[in-house]
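*Asks:*
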Amino acid sequence: MSAARPAEPAGSAGSAEPAGTVGPAGTAGSSGTAGSSGPTGAAGSAEPAEAVRSEGVVEPAEAGSAGAAWRGARRLARHQLLLLRCLVRWLLRRGPHGRRAGDRAFGYAQAESPLFWIMLTVSVVETVALALLIPWPLVHAILLVLGVWGTFLAVELRLSCVVRPHLVGADGSLRLRYGALVDIRVPAEQVSDVRVSRRFRSGGLLALDPETGTADLAVAGQTTLTVELTAPVTFHRPLGRPATARLIRCHADAPEALAETWRAASGATAR
Numbered sequence: 326m327s328a329a330r331p332a333e334p335a336g337s338a339g340s341a342e343p344a345g346t347v348g349p350a351g352t353a354g355s356s357g358t359a360g361s362s363g364p365t366g367a368a369g370s371a372e373p374a375e376a377v378r379s380e381g382v383v384e385p386a387e388a389g390s391a392g393a394a395w396r397g398a399r400r401l402a403r404h405q406l407l408l409l410r411c412l413v414r415w416l417l418r419r420g421p422h423g424r425r426a427g428d429r430a431f432g433y434a435q436a437e438s439p440l441f442w443i444m445l446t447v448s449v450v451e452t453v454a455l456a457l458l459i460p461w462p463l464v465h466a467i468l469l470v471l472g473v474w475g476t477f478l479a480v481e482l483r484l485s486c487v488v489r490p491h492l493v494g495a496d497g498s499l500r501l502r503y504g505a506l507v508d509i510r511v512p513a514e515q516v517s518d519v520r521v522s523r524r525f526r527s528g529g530l531l532a533l534d535p536e537t538g539t540a541d542l543a544v545a546g547q548t549t550l551t552v553e554l555t556a557p558v559t560f561h562r563p564l565g566r567p568a569t570a571r572l573i574r575c576h577a578d579a580p581e582a583l584a585e586t587w588r589a590a591s592g593a594t595a596r
């Protein structure tokens, strides 16, 4: 016991336990190397830095994803509200949306009428069949709600195309649309030419080419009009993202009549 007592202070000076407790002070300016390089001291200095790094990366990502989800939900809500307003407008027979005195309206939805009625019939038959065949109440209720909502949404979109046609203003301005999804307003001074030009393409409703500044607004895979602009116009894609175009291709049920109406309006404005 008398031999162990002198060795105890030396062991405490170089042991790991005190080094862990005074490690930060040792790293700041102590002469002992155990405090600066001990395992406990290293862990104590690394953990706060790792926590700071993780907080700096994760929190902005979480905030960004939450913000994007919230913006997406707001866009969907606005779009659904706009579809409901189109339905009410059609039921009340209020005529084309946004038409001012002297404006001419031109439809564009006849080309996809056969496809719409086929899809609507299939959707109704599918909804009824699933309602009759599925025995599980919860699954039955979920699929029934989804089927009815999908059918109602298709009808709303179709009616929005009816009440929101293309418009040619009395001053030569244009408003090119597809239901509640796309609405491109072109002032009269920015329209250079409107001509009949039939093109067929595959893909979705709206195709953008940033290199040429072209926007293709197709109906049933085709466009029948080409609108050249003197300067780019800004509009919103479906669900709200912005886009620009200097050349617009779109479809109309009577493209010749629309082009002739624009020429007459722009000529009257020039005179």
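Take 326 as the starting number for the sequence shown in our numbering and just add one per residue.
Where is the CB? At the ideal position from N, CA and C, for every residue including glycine.
Would DSSP call Thr537 helix, strand or coil?
*Replies:* In the structure shown, Thr537 sits in coil (DSSP, three-state: anything other than H, G, I, E or B).
*Asks:* Which residues in the same chain as Trp587 place their Cβ atom closer than 8 angstroms to its Cβ, once the five residues preceding and following it in sequence are excluded?
*Replies:* Same-chain partners within the cutoff: Val493, Gly497, Leu499, Val516 and Val519.
*Asks:* Mind checking which residues open and close the beta strand (DSSP E) that includes Ala570?
*Replies:* That run of the beta strand (DSSP E) goes Pro567 to Cys575.
*Asks:* Would you report the Cα separation of Glu481 and Arg510, rounded to the nearest angstrom?
*Replies:* In a straight line, the C-alpha of Glu481 is about 23 angstroms away from that of Arg510.
*Asks:* Determine the closest residue to Leu577 out of His422, Ile467 and Pro490, with distance taken between C-alpha atoms.
*Replies:* Note that residue 577 is Ala in the sequence shown, not Leu. Taking only the C-alpha atoms, the option nearest Ala577 is Pro490.
*Asks:* Closer than 8 angstroms is the cut-off here; do at least three beta carbon pairs connect the stretch 564–574 with the stretch 530–550?
*Replies:* The stretch 564–574, when compared against the stretch 530–550, does touch it at the 8 angstroms Cβ threshold.
*Asks:* Should Ala402 go down as buried or exposed, given a rule of 16 or more other Cβ atoms within 10 Å for buried?
*Replies:* Exposed, because fewer than 16 other Cβ atoms sit within 10 Å of the Cβ of Ala402.
*Asks:* Candidates Val521, Arg523, Ala495 and Cys575: which alpha carbon is nearest Leu533's?
*Replies:* Ranking Val521, Arg523, Ala495 and Cys575 by Cα distance to Leu533 puts Cys575 first.
*Asks:* Taking only the alpha-carbon atoms, compute the straight-line gap between Arg396 and Val507 and give it to the nearest angstrom.
*Replies:* About 18 angstroms.
*Asks:* When you compare the CB positions of Val521 and Pro462, do they come within less than 8 angstroms of one another, or not?
*Replies:* No, they are not a contact pair.
*Asks:* Given Arg483, which residues of its chain have a CB within under 6 angstroms of its CB, disregarding the five upstream and five downstream residues?
*Replies:* Counting only Cβ-Cβ distances below 6 angstroms, and skipping sequence neighbours, we find Phe441.
*Asks:* Which whole-angstrom value is the C-beta distance of Val558 and Glu437, which I expect to be below 8 angstroms?
*Replies:* That belief does not hold up - the Cβ atoms of Val558 and Glu437 are roughly 25 angstroms apart, past 8 angstroms.
*Asks:* Entirely within the stretch 481–507 and at least 3 residues each: give me those beta strand (DSSP E) ranges in chain order.
*Replies:* Segments of the beta strand (DSSP E) lying fully in the stretch 481–507: 491–493 and 499–503.
*Asks:* Taking 8 angstroms as the CB-CB cut-off, is Leu484 touching chain C?
*Replies:* Checking the listed chains, one finds no chain C in this structure; it contains a single protein chain.
*Asks:* Let me know if Leu417 comes out buried or exposed under the rule of 16 or more other beta-carbons within 10 Å of its beta-carbon.
*Replies:* So Leu417 counts as exposed.
*Asks:* List the residues that DSSP assigns as beta-bridge partners of Val516.
*Replies:* In DSSP, Val516 forms a bridge with Leu554.
*Asks:* Taking only the alpha-carbon atoms, compute the straight-line gap between Gly423 and Phe477 and give it to the nearest angstrom.
*Replies:* Rounded to whole angstroms, Gly423 to Phe477 spans 24 angstroms at the Cα level.
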